[in-house]
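Worksheet for the structure shown next.
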Amino acid sequence: MVSGSDNTEATMSVFEAADGPGEVLSKVKEYGSTGRSSLILDEGESAIGKLRLVGVYDDRQEGHFMLRIRVPGGRLNWRQAEVIGEAAEQFAIRPDWERSTPQQFLEITTRQDIQLHWIRLDHLPEIWARLEEVGVTSLQACGDTTRNITSCPVAGLDPHEVMDVSPLVQQMNRYVLEHPEYGAFLPRKFKIAITGCRDDCILARINDLAFVPARRDAEVGFNIYGGGGLSDYPRLASDLDLFVTPEEVVSALKASVQVYKDFGDYENKAVNRFRRVVEELGIEATRREVAERLPFAARSAGEELSQGSRHDHVGVHAQRQPGQSYVGLAVPVGRMRGQEMIEAARLAHTYGDGGVRLTQRQNLVITGVANERAEALVEEPLLQKFTPRPATFARSVVACTSSPFCKFGILPAKELGLRLSSSLDQAFAGNDLGSLKLHVSGCKASCAQVQIADVGLRATLTKDEDSLYEAVDVSMGGSLGDGRLAEWVALEVPVPKVQQGLHELLTVYQDQRADSETFGQYVRRLDQATLRSYFQEV
Numbered sequence: 001m002v003s004g005s006d007n008t009e010a011t012m013s014v015f016e017a018a019d020g021p022g023e024v025l026s027k028v029k030e031y032g033s034t035g036r037s038s039l040i041l042d043e044g045e046s047a048i049g050k051l052r053l054v055g056v057y058d059d060r061q062e063g064h065f066m067l068r069i070r071v072p073g074g075r076l077n078w079r080q081a082e083v084i085g086e087a088a089e090q091f092a093i094r095p096d097w098e099r100s101t102p103q104q105f106l107e108i109t110t111r112q113d114i115q116l117h118w119i120r121l122d123h124l125p126e127i128w129a130r131l132e133e134v135g136v137t138s139l140q141a142c143g144d145t146t147r148n149i150t151s152c153p154v155a156g157l158d159p160h161e162v163m164d165v166s167p168l169v170q171q172m173n174r175y176v177l178e179h180p181e182y183g184a185f186l187p188r189k190f191k192i193a194i195t196g197c198r199d200d201c202i203l204a205r206i207n208d209l210a211f212v213p214a215r216r217d218a219e220v221g222f223n224i225y226g227g228g229g230l231s232d233y234p235r236l237a238s239d240l241d242l243f244v245t246p247e248e249v250v251s252a253l254k255a256s257v258q259v260y261k262d263f264g265d266y267e268n269k270a271v272n273r274f275r276r277v278v279e280e281l282g283i284e285a286t287r288r289e290v291a292e293r294l295p296f297a298a299r300s301a302g303e304e305l306s307q308g309s310r311h312d313h314v315g316v317h318a319q320r321q322p323g324q325s326y327v328g329l330a331v332p333v334g335r336m337r338g339q340e341m342i343e344a345a346r347l348a349h350t351y352g353d354g355g356v357r358l359t360q361r362q363n364l365v366i367t368g369v370a371n372e373r374a375e376a377l378v379e380e381p382l383l384q385k386f387t388p389r390p391a392t393f394a395r396s397v398v399a400c401t402s403s404p405f406c407k408f409g410i411l412p413a414k415e416l417g418l419r420l421s422s423s424l425d426q427a428f429a430g431n432d433l434g435s436l437k438l439h440v441s442g443c444k445a446s447c448a449q450v451q452i453a454d455v456g457l458r459a460t461l462t463k464d465e466d467s468l469y470e471a472v473d474v475s476m477g478g479s480l481g482d483g484r485l486a487e488w489v490a491l492e493v494p495v496p497k498v499q500q501g502l503h504e505l506l507t508v509y510q511d512q513r514a515d516s517e518t519f520g521q522y523v524r525r526l527d528q529a530t531l532r533s534y535f536q537e538v
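Mapping the sequence shown onto our numbering, position 165 (from 1) lands on 165, and the numbers just tick up by one.
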């Protein structure tokens with residue numbers, strides 16, 4: 001490993017090696033309408049990498065970019081949601097030659113961000129100005145940074161939560177944005193989650209750093225987990241046996257990031273996430289290194305208060321505020337038109353308290369709805385498409401961006417997810433399949449978190465005698481509640497066979513399951529050969 005915090009590049013004509021997100025943002029604004037070609041002429045292709053510090057990725061399409069908007073805790077007000085929807089309507093314009101994706105759409109991500117595609121560099125100054133006017137940013141949403149701080153999407157609303165962590169989320173987010181030494185220039189991306197609720201909707205154990213509610217000596221605070229993540233070397237985060245109070249959270253964040261900077265590898269980008277540090281140091285040594293960097297005496301973990309269930313926040317649910325409910329809309333694969341987000345903002349303003357929340361399952365929540373008005377909201381046209389009462393797979397399907405945008409995407413994961421979920425919901429209409437999660441990833445990066453799903457599909461390429469063709473690897477039985485990552489049961493399955501195999505397996509599950517046995521429990525009691533047989537060509 002390489003110790004230290006020097007993550008520099010060769011000095012360039014506009015972007016200096018030491019430029020952080022703020023400097024990059026200012027310099028791109030200065031370019032104004034000169035656009036991408038001028039930037040490359042001045043800087044070279046390596047300059048495009050700097051744009052990631054301000055939430056900009058270059059998509060596959062020459063001259064077009066993805067803009068990722070940072071939404072701490074997934075929490076927006078109606079005006080912020082409206083401005084983001086307007087940006088999608090005005091700037092996310094696909095060219096005439098592109099027909100495989102919707103027009104003027106946005107994506108809700110599994111880290112409660114929002115992404116826009118088909119953005120040109122000369123659009124960025126205007127988009128940023130509009131976002132800044134309503135208190136939203138894209139800083140540090142991409143690249144080797146401390147990414148969006150995720151949290152329970154109904155923090156402050158959940159009747160059963162231990163504490164409302166919304167102020168802490170904002171404090172943590174503000175700190176990493178104002179101190180780039182902890183928010184940027186890291187060995188690799190660093191993902192943080194915090195929750196005060198009893199449900200593990202933050203998916204604590206697949207984060208680099210997670211704070212979960214706990215009690216120690218009658219004091220309520222957080223236990224700390226570290227070193228989780230997925231991709232092609234998945235690892236569940238370890239209990240670091242540390243307890244902190246709410247007032248100590250930011251210090252614990254700083255200490256943990258500093259350990260990553262001191263022991264992380266700045267050269268081996270493919271294998272240098274924080275989980276590698278935890279693995280190589282060991283849990284005890286990692287705890288010791290974090291503890292030594294705290295400005296207070298470290299305390300051992302307290303009694304954990306999380307119940308470990310998986311609430312997806314879809315439906316109409318009572319809030320802790322008397323007489324109010326939140327309404328969770330299922331947004332299959334997280335994709336909406338800009339105009340639909342504008343309408344969601346209008347409904348939040350009209351029916352609720354103006355709150356719009358984004359979930360880790362790529363859904364959307366309207367908050368503060370008077371109980372007597374909830375049914376009228378459910379009858380609104382937008383909620384006929386993004387219904388709070390969805391079928392099993394429309395409710396559960398999660399998919400990453402993938403092709404035609406992501407450079408690593410092998411097949412269009414969102415389209416496959418929509419097609420499969422629709423087909424399976426039609427085939428099993430009226431049948432109670434329970435909670436069953438279907439995740440689709442366009443490559444091995446696992447942005448769609450396939451290893452924690454009941455059914456995970458990961459795109460790959462395989463070949464016959466003449467050519468390469470698209471296929472998927474199939475995983476089953478993932479459950480963070482049970483501390484289990486999914487197992488790969490079939491590799492390089494042709495896409496048509498996947499749909500057929502899932503249909504057959506679900507049919508058998510309905511016939512053979514024990515009372516109250518979930519699909520995940522069912523497949524975990526089957527052997528690999530049996531599961532594989534459903535996806536093999538006869």
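Quick reminder that beta carbons are idealized off the backbone N, C-alpha and C, glycines included. The model shown is predicted, which means the values in this text are computed figures rather than measured ones.
Please return the same chain residues whose Cβ sits closer than 6 Å to the Cβ of residue i, not counting the five positions on each side in sequence.
i           : result
residue 6   : Caution applies to residue 6, whose pLDDT of 38 falls short of 50 and renders its modelled position unreliable; the model cannot decide the point.
residue 440 : 399, 413, 416, 417, 448, 457
residue 525 : none
residue 429 : none
residue 312 : 361
residue 391 : 425
residue 186 : 144
Which one of the options has the shortest CA to CA distance from residue i?
i           : options            : result
residue 181 : 528, 499, 19, 299  : 19
residue 479 : 283, 492, 205      : 205
residue 464 : 448, 63, 493, 489  : 493
residue 347 : 321, 383, 425      : 383
residue 363 : 114, 26, 28, 31    : 114
residue 356 : 375, 337, 327      : 327
residue 56  : 96, 124, 71        : 124
residue 179 : 151, 146, 302      : 146
residue 212 : 183, 189, 243, 185 : 243
residue 30  : 118, 129, 90       : 129
residue 515 : 142, 495, 434      : 434
residue 535 : 491, 401, 22       : 491
residue 231 : 299, 186, 270      : 270
residue 486 : 446, 497, 26, 105  : 446
residue 249 : 199, 281, 173      : 173
residue 171 : 268, 252, 475, 159 : 252
Less than 8 Å between the beta carbons of residue i and residue j, yes or no?
i           : j           : result
residue 342 : residue 86  : yes
residue 398 : residue 333 : yes
residue 470 : residue 457 : no
residue 24  : residue 51  : yes
residue 459 : residue 442 : yes
residue 287 : residue 241 : yes
residue 404 : residue 101 : yes
residue 331 : residue 108 : yes
residue 111 : residue 150 : yes
residue 338 : residue 92  : yes
residue 116 : residue 39  : no
residue 393 : residue 425 : yes
Along the chain, where does the alpha helix (DSSP H) containing residue i start, and where does it finish?
i           : result
residue 441 : No alpha helix (DSSP H) holds residue 441; the beta strand (DSSP E) holding it covers 438-441.
residue 178 : 166-178
residue 145 : Careful: residue 145 lies outside any alpha helix (DSSP H) and carries neither H nor E.
residue 84  : 78-91
residue 336 : That residue, residue 336, is in no alpha helix (DSSP H); its beta strand (DSSP E) goes 335-337.
residue 220 : Residue 220 -> not in any alpha helix (DSSP H); beta strand (DSSP E) instead, spanning 219-226.
residue 533 : 528-533
residue 133 : 124-133
residue 498 : 495-512
residue 21  : 21-31
Could you pull the start and end residues of the beta strand (DSSP E) that residue i belongs to?
i           : result
residue 407 : It is not in any beta strand (DSSP E) - residue 407 carries neither H nor E in the DSSP assignment.
residue 462 : 455-463
residue 240 : 238-244
residue 68  : 65-69
residue 475 : 468-476
residue 519 : Unbroken run through residue 519 is the alpha helix (DSSP H), 519-524; no beta strand (DSSP E).
Using a Cβ-Cβ cutoff of less than 8 Å, which residues in the same chain neighbour residue i once the five nearest sequence positions on both sides are dropped?
i           : result
residue 155 : 73, 75, 161, 164, 165, 166, 169, 195, 196, 197
residue 3   : Caution is warranted here: a pLDDT of 42 is assigned to residue 3, below 50, making its placement in the model unreliable, and the coordinate value is therefore given only provisionally. Same-chain partners within the cutoff: 262, 263.
residue 389 : 315, 378
residue 207 : 150, 191, 192, 193, 225, 228, 229, 237
Within the same chain, show all residues whose beta-carbon is closer than 7 Å to that of residue i, passing over the 5 residues directly before and after it, in chain order.
i           : result
residue 349 : 78
residue 505 : 534
Which residue spans inside the region 317-396 form an unbroken beta strand (DSSP E) run of at least 3?
324-329, 335-337, 355-358, 364-370
Kindly provide the ranges of any alpha helix (DSSP H) runs that are 4 or more residues long and lie completely inside the region 236-300, ordered along the chain.
249-263, 274-281, 283-292
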